[in-house]
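Right, one structure below, let's go through it.
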Amino acid sequence: MIVDRMNPLSQAELDVAVLGRKESLFSHEVETRRKDLLDVVAGARVLVIGGGGTIGSATTALLADLRPGCLHVIDQSENYLAELVRDLRGRPGGLGVKDFRTLPLDYGAPVTGRFLAESRPYDIVLNFAALKHVRSEKDVYSLLQMIDTNVVRHIRFRRWLKAAGHGARYFAVSTDKAANPTSLMGASKRLMEDVVFAPDLSLAGQESTARFANVAFSNGSLLQGFIHRLAKGQPLAAPRDTRRYFVSQRESGEICLLSAVLGKPGHVLFPKLDPISQLQPLQDIAERVLQLAGYEPEVVENEDEARAAVARLASAGKWPLLLTPLDTSGEKAYEEFVGQGEVLTQSGLTSLDAVAHVRSTALSQGVIEMLEEAVSDNERAINKHAIVQAIQAAIPGFSHRETGKTLDDRL
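Taking the working numbering, I'd label the letters of the sequence shown as residues 1 to 411.
Written out as C-alpha cells, the structure is:
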C-alpha cells in the first residue's frame with residue numbers, strides 16, 4: 001500500500017528533520033585538511049572492506065576524490081557493490097580512479113586470504129565489515145555468527161594482511177556501544193578494538209578506529225524503517241525514553257576519512273557531540289518524520305491497535321505511532337563514547353575527540369582463543385551464559401543487560 005498523502009521525501013529534508021542542521025559538522029575540517037589528506041591518499045593503494053554498506057560507501061566516495069593509485073572494494077553483498085559502482089560513476093564528475101575494482105567476497109573466507117596473498121601490498125586498509133545490531137545476540141547461533149564476523153574473522157584477516165605486507169595504515173569502524181557495553185554486540189566490538197591494536201597483528205603501528213553515533217536512515221536502521229513503514233502503509237514504532245546521537249550518511253564517511261587518514265596511532269576517535277542538545281529522544285524523531293510526511297502522530301498502546309488504525313487515521317491526516325518500553329536484552333537508554341578507564345586525549349582534529357586505546361585482558365587471558373574455538377568447533381557444547389561470563393571477566397565496564405526479550409518480538 002502506497003500512502004497517497006505522502007510525497008517522496010528527499011534525503012536532505014529527512015536529514016534536516018532529524019539532525020536539525022543543513023551543514024555537516026565535519027566537512028569544514030575535511031576541506032581545510034585536504035592537503036594533508038592528499039599527502040596520505042594520493043597515489044596510495046587503498047583497500048576497503050565492507051565498502052558497499054552505508055558507512056563504507058560514504059567513505060569510499062570521499063576516498064575516490066583524493067586520487068588514490070588504486071581503490072579496491074570488498075563486500076559480501078553483490079547488490080551493495082552494484083549500487084556503489086552506479087553511484088560513483090553516475091555522480092557529477094564520475095569516477096576518476098583508473099584502477100577501481102569491486103569483489104563480492106567474505107572478508108574472512110579463504111578466497112580473501114588467497115586474494116591478499118596474490119595482490120601487491122595495499123598501503124591503506126579500511127574495514128567496515130560487522131554485524132552491528134543488538135538484535136544479533138538473540139540466540140546462541142546468531143551470537144556466534146556475530147562473534148565470528150566481528151572478532152574471529154577480523155583476527156584471521158589481520159594475520160593475512162601482515163603476512164602479505166598489507167595495511168601499513170589500518171582502520172576499522174567500531175561503535176559507541178563498545179564504551180561500557182551492555183550488549184554482546186557492543187562487547188564484541190570492544191574486543192574488535194583489541195584486535196585492531198594488537199601489537200603482534202600490526203604491520204607498522206599505524207592503527208586507528210572510530211566509535212560511531214547512529215547514522216540517520218542507514219541500511220537496516222530504525223529510521224530507515226520509518227520510511228519503509230510509511231511507504232507500505234504500516235504503523236511506526238519507537239522505544240520510550242531512549243536517546244540517541246545521529247549523524248548523516250555523508251558525515252559518517254567524513255568521520256571515517258578523518259579518523260583513518262589523520263587519526264593518531266592507537267587512538268579511538270569519535271564525534272564531538274553535545275549530550276544536552278544532540279542526544280535525541282527516538283519518539284521525537286519519529287514524530288518529526290511523520291510531520292514531514294504530512295501526518296500528525298497518534299500514540300497507540302499495542303501492535304494490534306496500531307495495525308488496525310492505519311487506514312482510519314491516515315484519512316484524517318494522522319498516523320499511528322506505537323511506543324514500546326526499552327526492555328529488550330542489551331539495549332541502553334542513552335549513548336556514550338568514553339568507557340571505564342579511558343581518558344580523553346588530544347586527537348589533533350577539531351571535530352573529533354579521542355581516547356587512547358586501553359587494552360583489555362581478552363588477548364592475554366585467552367578469551368579470544370575460547371571464542372575462536374566456540375565458533376569453529378561444532379561439537380563443543382556452548383551457551384550464551386558461558387560467553388557472557390568469559391567476556392565480562394575481560395572487558396572493563398561490561399555489564400550485560402539480559403531481559404529474555406528481543407527486538408524480533410517487536411514491531
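Yeah, the Cβ is synthetic: ideal placement off N, Cα and C, and Gly gets one too. It should be emphasised that the depicted structure is a prediction, and the values quoted were computed from it without experimental measurement.
For residue i, which three-state DSSP category applies?
| i | result |
| --- | --- |
| Thr209 | strand |
| Ala172 | strand |
| His28 | helix |
| Val355 | strand |
| Gln224 | helix |
| His385 | helix |
| Leu273 | coil |
| Val48 | strand |
| Pro104 | coil |
| Glu83 | helix |
| His154 | helix |
| Met6 | Note that Met6 scores a pLDDT of 48, beneath 50, so its modelled location is shaky and nothing firm can be said. |
| Pro92 | coil |
| Val268 | strand |
| Glu193 | helix |
| Gln340 | coil |
| Arg135 | helix |
| Val97 | coil |
| Met1 | Here Met1 scores only 37 on pLDDT, less than 50, and its place in the model is too uncertain to base an answer on. |
| Gln346 | coil |
| Arg159 | helix |
| Arg410 | coil |
| Arg380 | coil |
| Arg67 | coil |
| Arg497 | Nothing about residue 497 can be read from this structure; the chain reaches only from 1 to 411. |
Can you name, in chain order, every residue of its own chain whose Cβ lies under 7 Å from the Cβ of residue i, other than the five neighbours on each side?
| i | result |
| --- | --- |
| Val162 | What sits at residue 162 in the sequence shown is Lys, not Val. Only Leu201, Leu203 meet the Cβ criterion. |
| Ala394 | Ser360, Thr361, Ala362, Gln365, Val367 |
| Leu144 | Ala374, Val375 |
| Lys413 | No information on residue 413 is available, as it lies outside the stretch 1 to 411 that the chain covers here. |
| Asp327 | Thr403, Lys405 |
| Met1 | Here the model assigns Met1 a pLDDT of 37, short of 50, so the residue's position is not dependable and the matter cannot be decided. |
| Glu336 | Asp176, Ala179, Asn180 |
| Gln392 | Phe398, His400 |
Quick check on the DSSP output: the beta strand (DSSP E) that includes residue i runs from which residue to which?
| i | result |
| --- | --- |
| Asp123 | First-last for Asp123: undefined, no H or E at that position. |
| Thr324 | 318–324 |
| Ala237 | 236–239 |
| Val375 | Segment 367–376 is the alpha helix (DSSP H) holding Val375; no beta strand (DSSP E) there. |
| Ile74 | 70–74 |
| Pro297 | 296–300 |
Does the distance from the C-beta atom of residue i to that of residue j stay below 8 Å?
| i | j | result |
| --- | --- | --- |
| Thr424 | Val125 | With the chain covering only 1 through 411, there is no way to say anything about residue 424. |
| Gln76 | Asp99 | no |
| Leu230 | Ala179 | no |
| Val195 | Ile155 | yes |
| Leu282 | Pro320 | no |
| Glu372 | Val358 | no |
| Asp15 | Ala168 | no |
| Ala286 | Arg410 | no |
| Arg153 | Gly220 | no |
| Leu131 | Ala210 | no |
| Thr345 | Val338 | no |
| Arg135 | Leu322 | no |
| Asn150 | Gly50 | no |
| Leu279 | Arg243 | yes |
| Leu63 | Ser248 | no |
| Ser208 | Phe171 | yes |
| Cys70 | Arg45 | yes |
| Trp24 | Glu193 | In the sequence as presented, Trp is not what sits at residue 24; that position holds Ser. Going by C-beta atoms, Ser24 is not nearer than 8 Å to Glu193. |
Could you pull out every residue in the same chain whose Cβ sits closer than 8 Å to the Cβ of residue i, ignoring the five residues on either side in sequence?
| i | result |
| --- | --- |
| Gly165 | Pro121, Leu203 |
| Glu13 | Leu292 |
| Thr309 | Reading off the sequence, residue 309 comes out as Ala, not Thr. Once the five neighbours on either side are set aside, the close Cβ partners of Ala309 are Pro235, Glu298, Val300, Pro320. |
| Arg401 | Thr182, Ser183, Ser329, Gly330, Glu331, Lys332 |
Please report the residue range of the alpha helix (DSSP H) in which residue i lies.
| i | result |
| --- | --- |
| Ala117 | 110–117 |
| Val261 | 249–262 |
| Arg312 | 303–315 |
| Leu63 | 54–64 |
| Glu287 | 282–292 |
| Glu13 | 11–19 |
| Leu37 | 34–41 |
| Ile147 | 140–147 |
Looking only at its chain, what residues have a beta carbon closer than 6 Å to the beta carbon of residue i, apart from the 5 residues adjacent to it on each side?
| i | result |
| --- | --- |
| Ser218 | Thr54 |
| Pro273 | Note on identity: in this sequence residue 273 is Leu, with Pro being the wrong assignment. Answer for Leu273: Tyr245, listed in chain order. |
| Pro396 | Gln340, Gly341 |
Any beta-carbon of chain D closer than 8 Å to the one on residue i?
| i | result |
| --- | --- |
| Leu279 | In the structure shown, chain D does not exist; there is a single protein chain. |
Inset, instruction - Count the C-beta pairs between the region 47–62 and the region 251–266 that are closer than 8 Å, then say yes if the count reaches three, no if not. - result: Note that the region 47–62 touches the region 251–266; at least 3 beta-carbon pairs, one per stretch, sit closer than 8 Å.
Legend entry - Cβ contact (3+ pairs, closer than 8 Å) linking the region 87–95 and the region 29–49: Segments in contact, no.
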